[in-house]
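Written out below as structure tokens is the structure these notes cover.
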Amino acid sequence: MLTRQGLEVVAEAEDAATVAAAAERTRPTLCLLDVNLPGGGVLAVRGVRERAPRTTVMVVAPTLESDWLLAALRAGASGYVTQALDAEGLARAIDAGLSGQAVIPRAAVATLIEQVRRGRSPRVPGNGHARSLTRREAEVVERLQDGMSTQEIARELELSAVTVRRHLATVARKTGDGAARETSIAV
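In this note's numbering, the protein residues as written are 13 to 199.
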């Protein structure tokens, strides 16, 4: 299916350790990782990001599970899709990921909004420090809370829709919260 979409498959791997080595050896533009990869799909994301930092990593999972999604984003994945996605949807997701867009479930945005509504501080720990949302990220979340679409937020804040989506992906990583549905932001 990937070669029919005009992509060249440069490597395949059977486990997390060989994925990282293959990524370092071949330096692919994109790495599609099965979340259930032996040795751990999320560990494989980390390995690829460490050994081939310019490679875009997307996780493929049987379903959209918030725990897998969040772990993949924290590890450095730029996208998360399900195996239920058809060839056309996967091609759009890959194109979006390769163009720098985050491919994450829409429900992750809904969960962020709910977290803000409950008054929980959107922070994530890191090396004894907490990184809070930037002013721009908070502006994007506030507008989502008001029910605005990505396009509406982009127009109001004078940003591109891609930039709004990137802010949403960053917020999802920082807050460590998310839920799952079959629809993705960039798909």
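The beta carbon of each residue, even a glycine, is placed where N, CA and C say it ideally should be.
Under DSSP, the beta-bridge partners assigned to Ala73 are Thr94.
In the displayed model, Val115 falls within a strand according to three-state DSSP.
Note that the stretch 75-94 touches the stretch 37-57; at least 3 beta-carbon pairs, one per stretch, sit closer than 8 Å. If the five residues before and after Thr175 are omitted, its C-beta is found closer than 8 Å to the C-beta atoms of Ala166, all from its own chain and listed in chain order.
For Asp46, the three-state secondary structure derived from DSSP is strand. For Glu20, there is no enclosing alpha helix (DSSP H), as DSSP gives it neither H nor E. In the DSSP assignment, Thr68 is bridged to Leu42.
Ala84 is classed as buried because its beta carbon has at least 16 other beta carbons within 10 Å across all chains shown. Nearest Cα to Val47 within the set Met70, Ala33, Arg37 and Glu36: Met70. The DSSP-derived three-state label of Leu156 is helix. Look at Leu14 here: in three-state DSSP terms it is coil, with no helix or strand label. Separation of Ala99 and Met13 (C-alpha to C-alpha, rounded to the nearest whole angstrom) is 7 Å. A Cβ-Cβ contact shorter than 8 Å links Ala35 with Ala64. The C-alpha of Gly112 lies about 11 Å from the C-alpha of Thr41. Between the beta-carbon of Leu180 and that of Glu151 there is about 12 Å, and that puts the pair past the 8 Å contact cut.
The straight-line gap separating the alpha-carbon atoms of Ala29 and Pro50 is approximately 9 Å. Nearest to Thr68 by C-alpha distance, out of Ala32, Glu164 and Glu154, is Ala32. For Leu169, the enclosing alpha helix (DSSP H) covers residues Thr162 to Leu169.
Distance from the CA atom of Ile106 to the CA atom of Arg16, rounded to whole angstroms, is 13 Å. No residue range can be given for Gly51, since it is assigned to no alpha helix (DSSP H) and is classified by DSSP as neither H nor E.
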